[in-house]
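Student: So in the numbering used here, spot 42 of the sequence shown is number 113, and the numbers just go up one at a time.
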Amino acid sequence: SSTTPTIAGTGATEPSGGAYTRIQVENNATNITQNGTGTGTNTYALSFAESTSNWGTMTNYVIYDSLTGGNMLMYGALDRTRTVEAGTTLQIRAGQLQLSFVNP
Numbered sequence: 072s073s074t075t076p077t078i079a080g081t082g083a084t085e086p087s088g089g090a091y092t093r094i095q096v097e098n099n100a101t102n103i104t105q106n107g108t109g110t111g112t113n114t115y116a117l118s119f120a121e122s123t124s125n126w127g128t129m130t131n132y133v134i135y136d137s138l139t140g141g142n143m144l145m146y147g148a149l150d151r152t153r154t155v156e157a158g159t160t161l162q163i164r165a166g167q168l169q170l171s172f173v174n175p
């Protein structure tokens with residue numbers, strides 16, 4: 072997202088067009104390594120399709136329960152923002168996405 076979502080699940084700005092689609096990651100032991108304390112880490116690289124237009128500067132990750140529409144499950148600020156121009160393949164390397172599952 073190029074904007075910071077709200078806790079209510081609104082305010083995320085996903086890229087529009089330019090070959091952007093959400094990527095699906097099943098929450099299982101093959102895809103997400105859990106350390107037993109409520110933290111999960113991606114076990115393989117997560118790659119978006121190569122952009123065919125500028126997507127803007129991505130500042131936050133957002134996780135939904137659906138490939139389109141759906142409910143926002145979690146979001147957070149990226150450690151480093153990333154400007155995605157045409158011809159860019161945005162990738163999160165294995166082990167780089169660490170999610171903590173706690174009740175607010």
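We put the CB at the ideal spot given by N, CA and C, even for glycine.
In this text, all values refer to a predicted model and were calculated from it rather than measured experimentally.
Short of 7 angstroms in beta carbon distance, which residues of its chain neighbour Val133, apart from the five on each side in sequence? Order them along the chain.
Tutor: Closer than 7 angstroms at Cβ, skipping near neighbours: Ser72, Pro76, Ala83, Met143 and Tyr146.
Student: Sort out for me which residues DSSP pairs Ala148 with in a bridge.
Tutor: Note: Ala148 sits in a beta bridge opposite Asn131.
Student: Using a Cβ-Cβ cut-off of 7 angstroms (strictly less than) and excluding sequence neighbours within five positions of Thr123, which residues of its own chain qualify?
Tutor: Here the set comprises Gly89, Ala90 and Ala157.
Student: Assign Phe119 to one of two classes, buried (16 or more other C-beta atoms within 10 Å of its C-beta) or exposed (fewer than that).
Tutor: Buried is the call here.
Student: Relative to the alpha-carbon of Ala116, which residue among Ala79, Leu161, Ala148 and Ala100 has its alpha-carbon at the smallest distance?
Tutor: The residue with the shortest Cα to Cα distance from Ala116 is Leu161.
Student: Whole-angstrom Cβ separation of Val155 and Gly127, contact assumed at under 8 angstroms?
Tutor: Yes, they are in contact, since the Cβ atoms of Val155 and Gly127 sit about 7 angstroms apart, within 8 angstroms.
Student: Short check: CB of Met129 to CB of Thr92, under 8 angstroms?
Tutor: For Met129 and Thr92, no; Cβs fall outside 8 angstroms.
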